[in-house]
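Colleague: Quick one: structure below, then a few questions.
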């Protein structure tokens with residue numbers, strides 16, 4: 001038997017690969033023989049028991065001759081992956097990264113109504129066909145000793161500050177808890193200064209990513225990504241009392257930000273939601289108002305996966321339900337008869353009222369109409385989106401994020417893109433999404 005993977009490098013983070021069994025495999029499961037292969041990553045690993053079939057055997061007897069037991073072919077897995085959309089996403093992101101001189105990024109596209117994974121890419125990728133023929137020493141080093149970690153699936157295993165992509169979630173909390181109304185406004189989006197309660201005469205200044213004057217309500221704050229508004233919403237400012245870290249943490253945890261969502265791929269990592277108790281235990285430090293401010297704009301110690309970002313935005317798009325991300329659609333036998341069908345599985349509600357969700361959907365559309373995502377104004381459908389930037393090395397390196405759903409009223413696509421390690425915000429994530437969505441709702445839709 002030999003595996004041949006069609007479009008291997010474009011699908012390897014999903015399909016994974018199969019490799020020779022080792023001594024540990026032989027000791028754990030009596031099924032395997034020393035000459036067998038076993039799924040090591042992705043669908044190959046997750047559905048190994050469905051794919052592997054049954055061994056054939058030949059029994060030799062003195063008088064009865066030989067007795068053959070025919071091998072039984074394993075079942076097949078039909079995926080939710082849209083091949084053309086997968087290829088377009090891969091090719092687009094590869095081109096954007098190459099143009100920028102970067103090598104690391106990720107993107108996921110789901111149906112927000114079901115959680116079905118339609119496309120998933122992680123860069124750098126690898127060619128899973130290499131494992132079928134046997135790796136040379138140079139190929140082994142390129143895959144396993146590569147500091148960029150091509151086997152690492154950044155969509156499901158990478159933990160990142162969400163940056164401003166968390167602001168719609170902050171808006172949901174603030175409206176639900178009546179911290180603000182849609183019309184509550186602050187004057188100017190420039191900076192705020194707070195005093196250190198433990199050191200007289202010591203103060204800290206928190207700046208907006210760019211100074212902007214004028215009145216900012218929630219919609220304008222989301223559309224233009226006003227840090228000052230969300231500092232106020234999260235940690236309080238003047239007449240706005242703020243949510244406080246306890247409520248922020250509660251809502252994030254209730255929305256599965258620190259939990260495994262259960263995607264049917266190996267290696268999913270849970271996010272991390274910081275709390276005062278954690279900081280005291282781990283760092284022997286108290287929790288400061290500045291910590292709440294940083295959490296409120298997706299910085300500090302808050303870490304999530306691109307998978308979770310897409311799950312929460314999908315829930316905003318679909319009216320409030322978080323779905324389990326599902327790559328496999330069904331299991332079929334060799335005659336294509338269905339053995340098992342994977343129905344959509346709701347993990348639970350996002351935790352916000354219908355009116356609150358509707359307001360944030362419209363606020364995210366404003367991001368495209370007049371805000372930081374105006375590049376998408378030429379799409380043939382209405383959409384909602386949020387840009388994000390997370391500082392990795394102060395003044396030297398950032399991660400660029402973008403999350404979007406479309407069409408606005410009956411969303412069929414939710415997409416999140418991450419580009420790692422650029423020197424400045426050049427809009428690489430939004431450019432990737434724009435090209436894919438233009439193709440999906442334009443050229444492809446017209447075919």
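In the working numbering, the protein residues as written are 1 to 447.
Quick reminder that beta carbons are idealized off the backbone N, C-alpha and C, glycines included.
Everything numeric in this text was worked out from a predicted model, so none of it was measured.
#1: Which word fits residue 239, buried or exposed, when buried means at least 16 other C-beta atoms lie within 10 angstroms of its C-beta?
#2: Tell me the rounded alpha-carbon separation between residue 18 and residue 188.
#3: Classify residue 220: buried if its beta carbon has 16 or more other beta carbons within 10 angstroms, exposed otherwise.
#4: Residues in the same chain with beta-carbon distance under 7 Å from residue 169, minus the five sequence neighbours each way, listed in chain order, please.
#5: My output table needs one value for residue 448: the three-state DSSP class, helix, strand or coil.
#6: Anyone know if the C-beta pair for residue 274 and residue 243 falls short of 8 Å?
#7: Could you say if the segment 306-326 and the segment 335-351 meet the contact criterion of at least three C-beta pairs nearer than 8 Å?
#8: Please work out which residues of its chain come closer than 6 Å, Cβ to Cβ, to residue 126, disregarding the five sequence neighbours upstream and downstream, and give them in chain order.
#9: Look up residue 318 in the DSSP assignment and say whether it is helix, strand or coil.
#10: Determine the contact status of residue 123 and residue 94, defining contact as a CB-CB distance below 8 Å.
#11: According to DSSP, is residue 168 helix, strand or coil?
#12: With a threshold of 8 Å on Cβ separation, who are the neighbours of residue 258 within its own chain once the five nearest residues in sequence on each side are excluded?
#13: Where in the segment 4-87 do unbroken runs of the alpha helix (DSSP H), each at least 4 residues long, occur, reported from the N-terminal end onward?
#14: Comparing alpha-carbon positions, which option in 246, 404 and 223 lies nearest residue 234?
#15: Given a cut-off of 8 Å on the beta-carbon distance, is the pair residue 437 and residue 163 in contact?
#16: Between the C-alpha atoms of residue 381 and residue 179, what's the straight-line distance to the nearest angstrom?
#17: Out of curiosity, what's the CA-to-CA distance linking residue 289 and residue 192?
#18: Given a threshold of 16 other Cβ atoms within 10 Å of its Cβ, counted over all protein chains shown, does residue 73 qualify as buried or as exposed?
#19: Alpha helix (DSSP H) containing residue 437: first to last residue?
#20: For the beta strand (DSSP E) that contains residue 330, what are its first and last residues?
#21: Between the alpha carbons of residue 356 and residue 23, how many angstroms are there, rounded?
#22: Could you please give the first and the last residue of the uninterrupted beta strand (DSSP E) stretch that includes residue 247?
#23: Where DSSP assigns a beta bridge to residue 187, which residues make up the other side?
#24: Under 7 Å: does the beta carbon of residue 241 sit that close to some heavy atom of the ligand SAM?
#25: Is the beta carbon of residue 118 sitting closer than 8 Å to the one on residue 77?
#26: Do you know how far the Cα of residue 411 is from the Cα of residue 341?
#27: Can the beta-carbon of residue 385 be found closer than 8 Å to that of residue 404?
#28: Enumerate in chain order the residues of its own chain whose CB-to-CB distance from residue 120 is below 7 Å, with the five nearest sequence positions on each side excluded.
#29: Tell me, which residues are paired with residue 349 by DSSP?
#30: Around the C-beta of residue 280, are 16 or more other C-beta atoms found within 10 angstroms, so that it is buried, or is it exposed?
#31: Since residue 227 and residue 208 are thought to touch, with beta carbons under 8 Å apart, how far apart are those beta carbons, to the nearest angstrom?
#32: Could you round the C-beta distance between residue 113 and residue 318 to whole angstroms and report it? I think they count as a contact, below 8 Å.
#33: How far does the beta strand (DSSP E) with residue 399 in it extend, from its first residue to its last?
#34: Is the separation between the beta-carbon of residue 39 and that of residue 128 shorter than 8 Å?
#35: Which partner residues of residue 160 appear in the DSSP bridge assignment?
#36: Round the Cβ separation of residue 79 and residue 392 to the nearest angstrom and send it over; I've been treating them as touching at under 8 Å.
Modeller: Put simply:
#1: exposed
#2: 57 Å
#3: buried
#4: 312
#5: Residue 448 is absent from the model: the chain starts at 1 and stops at 447.
#6: It is not a contact, given that the beta carbons lie outside the stated cut-off.
#7: yes
#8: 12, 143 and 150
#9: Here residue 318 sits in helix by DSSP.
#10: yes
#11: helix
#12: Excluding residues within five positions, the ones whose Cβ falls inside 8 Å are 252, 270, 271, 272 and 273.
#13: 8-15, 23-28, 42-46 and 48-51
#14: Minimum Cα-Cα distance from residue 234 among the listed residues 246, 404 and 223 corresponds to 246.
#15: Taking 8 Å as the Cβ cut-off, residue 437 and residue 163 do not qualify as a contacting pair.
#16: Taking the straight line from one Cα to the other gives about 33 Å.
#17: If I take the Cα positions, the gap works out to 12 Å.
#18: Its Cβ having fewer than 16 others within 10 Å, residue 73 is exposed.
#19: 428-438
#20: 328-332
#21: 55 Å
#22: Not the beta strand (DSSP E): residue 247 falls in the alpha helix (DSSP H), residues 245-254.
#23: BP columns for residue 187 point to 215.
#24: Of ligands this structure carries none, so the ligand SAM is not represented either.
#25: no
#26: Looking at the two C-alpha atoms, the distance is approximately 23 Å.
#27: yes
#28: 13, 14, 108 and 155
#29: 321
#30: Exposed: under 16 other Cβ atoms inside 10 Å.
#31: 5 Å
#32: 5 Å
#33: 397-406
#34: no
#35: Note: residue 160 sits in a beta bridge opposite 304.
#36: Incorrect: roughly 33 Å between the Cβ atoms, too far for contact.
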